[in-house]
Amino acid sequence: MRLHMTSRQLGSQGRQHVLRAARTNISARKRVLHLSAYKTTTAARGMLTAEQVAQFQRDGFLVLESFASPDDCAKLRKRMDTLLHDFDPKTISIFTTKNQVKKTDSYFLNSASDVGFFFEDKAFDEDGKLRQAKELSINKVGHALHDLDPVFREFSRSPAVCNVLRSLGYKRPLPVQSMYIFKQPSIGGEVMPHQDSTFIHTTPLSCIGLWWALEDATKDNGCLWAVPGIHRKGLKRRFLLAPDGSVHFDAPQPSYDMSAFVPLECPAGTLVLLHGENVHYSAENTSPISRHSYSMHLVESGNGVTWSPDNWAQRAPDNPWQPLYG
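Residue numbers (our numbering): 34 to 359.
Following this line, the structure appears as C-alpha cells:
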C-alpha cells in the first residue's frame, strides 16, 4: 500500500487539511517549548544549581518537577483526610480573595498559631447550609500546619526544603504560614492576582513562597499563573493589621495585563518557588477534578531583617515561629 501522496493527488481539500495539521503541530510544539522554558528538575537533596538560582532571580519563580515523591503527596493527602474527618464545623469562616477585608475575622487571625478550617464562598445555599459534604466544601486549612501537625512539620522541615533555602542564600529562614489548598471540584474559588509580600512583610523584603502540587495542576482545574520578571517592579501594596484588630489594604488592587501571565501547569510532586514580589493567581476551578496543593511561606529572620508588627499574622512571645535552621 502506498502511504505517500503527491500534492496533485491530495487535491485542494487534502492540502488544506495537511496545512492545518502542520500549523497545529507547530503551535503545539511552540506551546510545549514556551511552558518548558520555566520548568526544571530537582537536584539531589534539594540543592539548586547556579543556573536554577539565576532563573529564579530572573523570572521570580521556579518550577521544580519531581521534588516530592508520590509517597510524600499521598502521605500529606491522607493526613488531611484525617484532619477533615475529625473537624467539627462549629465555627464557619469563609475564605475568599474577592472580599478579603470583610471576610478576615478573629478565627482567621488566630489561625496564625493554630490550624483553622476555611470554607469556600460557594459551599453554602441560600439558607446557610452546606450544599455538599464538608470534605468537598473546604477552601483551605491553615496556617500553622508546619509547626503543629507532625506529618506536615516533618515534610516542611525536610533536608531537601532546607537545602532549597540554603541555595537561595537564606541564613535563618523562618516559616510563618502554611496552607493546604483544595481547589474543590466545581466551586474552587479564584485567587486574585497578588504578591505574597503584601501579606507577609519584612524590612528589607524577604518573603518566599513554596507551593507543592499534590495533584496534577492544569489550566482546567485551576493551576497557578505568574508573570515572569514582574517582581523587579517592586511591592505595590500591603495588607495591614490595625491596633483594634481590623485589617485593610493601604492601596487599591493594582490592574495587571492578564496576557502577561503564563500558566504553570505541572504534575503532582512539583515544587513551585515564588518570589515575594512576583504577581501570581489561580482561576476558579469549574472542572470536576480537584487540585490539592500545599504551600508554605518563609522570611529571613537573621540579623538586619525585622518582621513587620502590622502584618496580619502575629505570634505571642511564648509561642514563637521556629526557624528551619540557623
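Where is the CB? At the ideal position from N, CA and C, for every residue including glycine.
How many whole angstroms separate the CB atoms of residue i and residue j, which I take to be in contact at a CB cut-off of 8 Å?
| i | j | result |
| --- | --- | --- |
| residue 205 | residue 334 | 5 Å |
| residue 312 | residue 96 | About 16 Å; that fails the 8 Å criterion. |
Within this structure, are the beta carbons of residue i and residue j separated by less than 8 Å?
| i | j | result |
| --- | --- | --- |
| residue 93 | residue 263 | yes |
| residue 241 | residue 178 | no |
| residue 299 | residue 349 | no |
| residue 259 | residue 232 | no |
| residue 103 | residue 302 | yes |
| residue 310 | residue 268 | yes |
| residue 358 | residue 195 | yes |
| residue 175 | residue 211 | yes |
| residue 81 | residue 209 | no |
| residue 181 | residue 354 | no |
Per the DSSP calculation, residue i is bridged to which residue(s)?
| i | result |
| --- | --- |
| residue 213 | 174, 327 |
| residue 296 | 258 |
| residue 221 | 318 |
| residue 306 | 95, 243 |
| residue 149 | 175 |
| residue 333 | 206 |
| residue 250 | 299 |
| residue 227 | 313 |
| residue 345 | In DSSP, residue 345 forms no bridge with anything. |
| residue 157 | 163 |
| residue 82 | Per DSSP, none; premise fails for residue 82. |
Just to confirm the assignment, what range does the beta strand (DSSP E) spanning residue i have?
| i | result |
| --- | --- |
| residue 281 | 280-282 |
| residue 73 | 72-74 |
If I follow the unbroken alpha helix (DSSP H) through residue i, where does it start and stop?
| i | result |
| --- | --- |
| residue 273 | Per DSSP, residue 273 belongs to no alpha helix (DSSP H); it is in the beta strand (DSSP E), 272-274. |
| residue 115 | 103-119 |
| residue 141 | 139-143 |
| residue 166 | Segment: none, residue 166 is in no alpha helix (DSSP H) and carries neither H nor E. |
| residue 196 | 192-200 |
| residue 184 | 183-189 |
### Message
Taking 8 Å as the cut-off, does the region 337-345 touch the region 260-276 (at least 3 CB pairs, one atom from each stretch)?
### Response
Below 8 Å, enough C-beta pairs join the region 260-276 and the region 337-345 to call them touching: three or more.
### Contact the region 318-335 vs the region 114-128: 3+ CB pairs below 8 Å
no
### Stretch pair the region 168-187 + the region 210-221: three plus CB contacts closer than 8 Å
yes
### Any 3 or more C-beta pairs closer than 8 Å across the region 150-157 and the region 218-237
yes
### Query
Is there contact between the region 179-188 and the region 223-231, where contact requires at least three CB pairs shorter than 8 Å?
no
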